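In our numbering, the protein residues as written are 1 to 500. Working notes, beginning with the structure itself.
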Amino acid sequence: MKIDLTQLTHRGVAFRLFLTCWLIYALHFATNTVREIYPALALGDHFSFDVTEYLGLHPDLFEMPGRGAFINNNPGASIFGAIPYMLTRPVIDRVVERVQTMRAASNVAPPEYTSIYPMAREFFRLAYTRGFDIKFALAAGVMQAFLMAPLSALSVVVMFYILLSLTASPRRAVWLALLYAFATPIFYRTAQLNQNLLISHMALFAFALLWHPWNASARAHYFFAGLFAGWTVVLDYSGLVVVAAMSVYALACWRDTPRASRSFFDLVRFGMGVAASGSVLMAYQWAAFGNPILPAQKYMPTTEYSGYGFSGMVLPQLDLLWDTAFGIRFGLFISAPILLLAFAAPLWLRRSAQLIANREVWLIVLYTIAFFLFASASQYGRLQFNSGVRYIVPVTPFLFLLVAGALLAMPTRLAIGIGIAATYWSWCLAMYRDVEQGWGVFESLIHITAEGVRLPWIITLERLGYIQNATLWSIGLLAVSGAFVWGLWKVKLPRRDVTR
């Protein structure tokens, strides 16, 4: 598809980019009922974080006598997820009620869920027996389609504007932004509610508000940058790395601002933003556990890794560091080989081809190192063997800026070939998500290439016996979506040179 961008304003391009990514992301929805869904449901149903009614359905739910039941992690993703759920709850409740009435009248035995994993089969049986299966499916769907998908699409638009300001080429900015969208773990993790990807988005938004490369003469938005950076801690305590990095970067931006244009209150605004988000986490911990400081991990039952160090945090472990980077089940550079170009320092450090300034390069390098060290210190990272790349995802947008510089510095045909191969790799992983068996991430390439495309939620319907031939259904949906995207980009609007 040849895109003629000369007839589109930059806003028109961004709008089409947003809709394209939103649609494709939503189409690749995965039906996993992750732990963050339960507090989101409780918030939407009862305006409470108490998940007592869901005890026994997920190992990350625990009970505190006299206080209720909670998840063993921070509530930020659940708070976000509750918003689309509350907006669609009247429809979901009506569908659930109708299905339960039909089941009671027919007295049909629960369908068998075809899976090699006993825990997956048992979860479906329990959810069906307790009347939650339809509710979980619809809630997970709306949280993905109306939170994760549009938020990831928004991050792609932000990346587009950053790249546009750096390259001064709408065409290059669009294609690079599409690589960011579909050749990195952003694609894989957008399929379900996930706090690690949300950290990635919040970190990118904070970085962009401080950097604002599209308008170098403008003042940095310190308060909102602090708000986004602070929310990463509400999502997960790994967000402390983001807060530290963005705090240092905010100080660097402030110092580089001419004295006549800067004020010490700028840094205060940043701190106020961080504190505003942090107060949400403290209020949650106080309400849930009776202490605003101590995290959920302090109260949860002992698990396989919680006994190590301080609630699973020890000094960085070399084996976990290697697995986080290159492990076949959740290694960042195995899950998204295009990010290996971040190591091509001779390409993106050449003065004639350097895409970003040294200040931003140093931030990216130090932030990435810090996050890898944090991820290799958290022993819970070893649990990624069955979920795929998660903990290290927040470095993705930052590393991609280095990757973009490397791609622009190499011959065009080579860059195009790498982009196509990397996108196919990532697409396979987004469809075939079982990294626990065999060759891990490589199983995705093997199965999709040999067996054909299969959208994750279509596979679930097939395993439940509701449809036949998931590949045919997937091809049909992809074809319809492809036609929509083609039409979206082919519609020509009168070009306006103002407010581009």
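Every residue gets a Cβ at the ideal spot worked out from N, C-alpha and C, and that includes glycine. It should be emphasised that the depicted structure is a prediction, and the values quoted were computed from it without experimental measurement.
Whole-angstrom distance between residue j and residue i, CA atom to CA atom
| i | j | result |
| --- | --- | --- |
| Arg259 | Phe223 | 19 angstroms |
| Gln285 | Met64 | 13 angstroms |
| Gly419 | Ile338 | 8 angstroms |
| Phe442 | Gly290 | 46 angstroms |
| Leu19 | Asn107 | 43 angstroms |
| Ala296 | Ile116 | 32 angstroms |
| Phe333 | Tyr180 | 14 angstroms |
| Phe371 | Arg103 | 49 angstroms |
| Phe49 | Thr33 | 17 angstroms |
| Val491 | Ala30 | 31 angstroms |
| Pro111 | Val365 | 51 angstroms |
| Leu401 | Gln192 | 25 angstroms |
| His10 | Pro90 | 38 angstroms |
| Thr303 | Met86 | 33 angstroms |
| Arg500 | Val361 | For Arg500, the predicted structure reports a pLDDT of 49, less than 50, and the residue's modelled location is therefore unreliable. A value from the coordinates is still provided. Between Arg500 and Val361, the C-alpha separation is close to 28 angstroms. |
| Ala218 | Thr257 | 10 angstroms |
| Val158 | Ala149 | 14 angstroms |
| Ile293 | Ala287 | 11 angstroms |
| Val498 | Leu8 | Because Val498 carries a pLDDT of 41, less than 50, the predicted location of this residue cannot be relied on, and the following value inherits that uncertainty. Straight-line Cα distance between these residues: approximately 12 angstroms. |
| Met119 | Arg359 | 48 angstroms |
| Leu17 | Arg171 | 12 angstroms |
| Leu166 | Trp175 | 14 angstroms |
| Asn74 | Tyr237 | 8 angstroms |
| Phe484 | Leu478 | 10 angstroms |
| Asp266 | Trp254 | 8 angstroms |
| His58 | Ala245 | 34 angstroms |
| Ala229 | Ala77 | 14 angstroms |
| Ile459 | Thr324 | 28 angstroms |
| Leu407 | Arg262 | 36 angstroms |
| Phe15 | Arg67 | 46 angstroms |
| Val268 | Gly417 | 47 angstroms |
| Ser387 | Thr6 | 42 angstroms |
Beta-carbon proximity check, residue i vs residue j, cutoff 8 angstroms
| i | j | result |
| --- | --- | --- |
| Leu399 | Ala342 | yes |
| Val233 | Gly239 | yes |
| Glu462 | Ala450 | no |
| Ala510 | Leu163 | This structure cannot settle anything about residue 510, because the visible part of the chain is limited to 1 through 500. |
| Leu355 | Ala404 | yes |
| Gly141 | Ala82 | no |
| Leu227 | Gly271 | no |
| Val453 | Ser474 | yes |
| His221 | Leu235 | no |
| Leu147 | Phe47 | no |
| Ser279 | Gln317 | no |
| Phe501 | Met313 | An answer regarding residue 501 cannot be provided, because it is not within the stretch 1 to 500 covered by the chain. |
| Ala430 | Tyr161 | no |
| Pro456 | His28 | yes |
| Ile37 | Met202 | no |
| Gly440 | Arg329 | yes |
| Ile92 | Ala139 | yes |
Residues sharing a beta bridge with residue i, DSSP
| i | result |
| --- | --- |
| Gly68 | Met64 |
| Met313 | Phe310 and Ser378 |
Residue span of the alpha helix (DSSP H) that contains residue i, given as start and end
| i | result |
| --- | --- |
| Trp514 | Because the chain spans 1 through 500 in this model, residue 514 falls outside it and cannot be assessed. |
| Leu235 | Tyr222 to Leu235 |
| Pro411 | Taken as a continuous stretch (DSSP letters only), Pro411 belongs to no alpha helix (DSSP H), as it is neither H nor E. |
| Asn355 | First, the residue type needs correcting, since residue 355 is Leu and not Asn in the sequence shown. No alpha helix (DSSP H) contains Leu355, which DSSP labels as neither H nor E. |
| Asp434 | It is not in any alpha helix (DSSP H) - Asp434 carries neither H nor E in the DSSP assignment. |
| Thr324 | Leu318 to Phe326 |
| Trp457 | Pro456 to Arg463 |
| Pro84 | Gly76 to Ser106 |
| Ala181 | Pro170 to Phe182 |
| Arg125 | Pro118 to Thr129 |
| Tyr299 | Neither: Tyr299 is in no alpha helix (DSSP H) and is coded neither H nor E. |
| Gln285 | Phe264 to Phe289 |
| Phe18 | His10 to Leu27 |
| Trp473 | Ala470 to Lys490 |
| Glu443 | Val441 to Glu451 |
| Ala140 | Asp133 to Met143 |
8 angstroms contact criterion, which residue i and residue j should meet: CB distance rounded
| i | j | result |
| --- | --- | --- |
| Gly381 | Tyr367 | The pair is not a contact, with the Cβ atoms about 18 angstroms apart (cut-off 8 angstroms). |
| Ala336 | Ser426 | 6 angstroms |
| Tyr25 | Thr190 | 5 angstroms |
| Ala250 | Ala225 | 7 angstroms |
| Asn196 | Val395 | Incorrect: roughly 10 angstroms between the Cβ atoms, too far for contact. |
| Ala127 | Phe136 | 6 angstroms |
| Ile71 | Arg35 | 5 angstroms |
| Phe374 | Glu436 | Contact flag wrong, Cβ pair sits at about 24 angstroms. |
| Tyr466 | His447 | The pair is not a contact, with the Cβ atoms about 21 angstroms apart (cut-off 8 angstroms). |
| Ser277 | Trp231 | 4 angstroms |
| Leu464 | Tyr54 | Actually they do not touch by this definition, with Cβ atoms about 21 angstroms apart. |
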